[in-house]
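Chemist: In short: position in the sequence shown from 1, add 45, done, that's the working numbering.
Each residue gets a CB set at the ideal place from its N, CA and C atoms; glycine is no exception.
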Amino acid sequence: MKELKITNKNIDDIKEYENNAKEHPDWQIEQIANSIKEFGFNDPIAINTDNQIIEGHGRLLAAKQLGLSEVPCIILNGLTEIQERAYIIAHNKTTMNTDFDLDRLQYELNALKVEGFDLSLTGFSDYEIENLLEETEEIDLDNYVTDEEKKPKEKRCPHCGELL
């Protein structure tokens with residue numbers, strides 16, 4: 046396994062991948078920015094040798110919102126252009142492929158609450174936190190997704206723009 050080195054890069058030198066399929070609405074950027082303020086910039090942005098983001102678009106947007114001039118990066122070299130494009134998708138999708146162990150999540154949230162920690166910094170909405178802390182049975186987080194979030198998104202070909 047090759048060693049990855051963290052290097053600080055000027056934020057203006059980093060380029061977003063124009064076809065990044067992962068959405069980053071303002072509320073999520075705010076969550077990421079709050080996380081960076083509370084915990085630090087602990088997850089470097091992965092870029093290629095041309096300073097184009099492979100993973101970390103949301104972190105870059107949050108860093109800009111925070112007015113940072115530099116951000117920690119790791120340079121991923123040795124990937125083909127096709128591998129880079131596939132990894133951008135895989136990185137985002139694989140983090141979404143599992144659910145929480147709700148008993149452990151409830152335990153951790155309750156423990157943080159007892160310590161007086163601001164639970165909004167965990168990324169859960171106030172509504173989700175309230176329901177998670179009150180529930181004693183298994184919870185399906187899909188029940189807490191709004192109807193708008195459940196609607197299928199319009200999908201377009203990244204090359205020609207045609208509706209799929």
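Reducing DSSP to helix, strand and coil, say where alanine 91 ends up.
Modeler: strand
Chemist: Taking the beta strand (DSSP E) that threonine 139 falls in, what are its first and last residues?
Modeler: No beta strand (DSSP E) contains threonine 139, which is instead part of the alpha helix (DSSP H) from 126 to 139.
Chemist: Using the beta-carbon count (16 or more within 10 Å), is valine 159 buried or exposed?
Modeler: exposed
Chemist: Which first and last residues belong to the beta strand (DSSP E) in which asparagine 55 is found?
Modeler: 51 to 55
Chemist: Let me know the secondary structure DSSP gives glutamate 173 once reduced to three states.
Modeler: helix
Chemist: Can you name, in chain order, every residue of its own chain whose Cβ lies under 8 Å from the Cβ of glutamate 179, other than the five neighbours on each side?
Modeler: So the list is empty, once near-sequence residues are dropped.
Chemist: Quick check on this structure: which residue in Gln97, Glu48, Pro89 has the alpha carbon closest to the alpha carbon of arginine 130?
Modeler: Gln97
Chemist: Evaluate the contact criterion for the stretch 58 to 71 versus the stretch 142 to 161: three or more CB pairs, one atom per stretch, below 8 Å.
Modeler: Remark: fewer than three beta-carbon pairs, one from each stretch, lie closer than 8 Å, so the stretch 58 to 71 and the stretch 142 to 161 are not flagged as touching.
Chemist: Beta-carbon within less than 8 Å of asparagine 142's beta-carbon, same chain only, minus the 5 sequence neighbours each way: which residues are those?
Modeler: Excluding residues within five positions, none has a Cβ falling inside 8 Å.
Chemist: Report the three-state DSSP secondary structure of lysine 60 (helix, strand or coil).
Modeler: For lysine 60, the three-state secondary structure derived from DSSP is strand.
Chemist: So leucine 147 packs on isoleucine 174, CB below 8 Å; how close in whole Å?
Modeler: Contact flag wrong, Cβ pair sits at about 13 Å.
Chemist: For phenylalanine 84 and glutamate 126, I'd like the C-alpha separation in whole angstroms.
Modeler: 33 Å
Chemist: Going by the DSSP bridge assignment, what does isoleucine 119 pair with across the sheet?
Modeler: Ile51, Ala91
Chemist: Quick one: residues in its chain with C-beta nearer than 7 Å to the C-beta of asparagine 79, no 5 flanking neighbours on either side, listed in chain order?
Modeler: Leu166
Chemist: Is glutamate 160 helix, strand or coil by DSSP?
Modeler: coil
Chemist: For tyrosine 132, which option in Gly101, Leu105, Ser170, Leu113 has the closest C-alpha, if you only look at C-alpha atoms?
Modeler: Gly101
Chemist: Return the chain-ordered list of same chain residues with a C-beta closer than 7 Å to the C-beta of serine 114, the five sequence neighbours on each side being excluded.
Modeler: Asn55, Ile56
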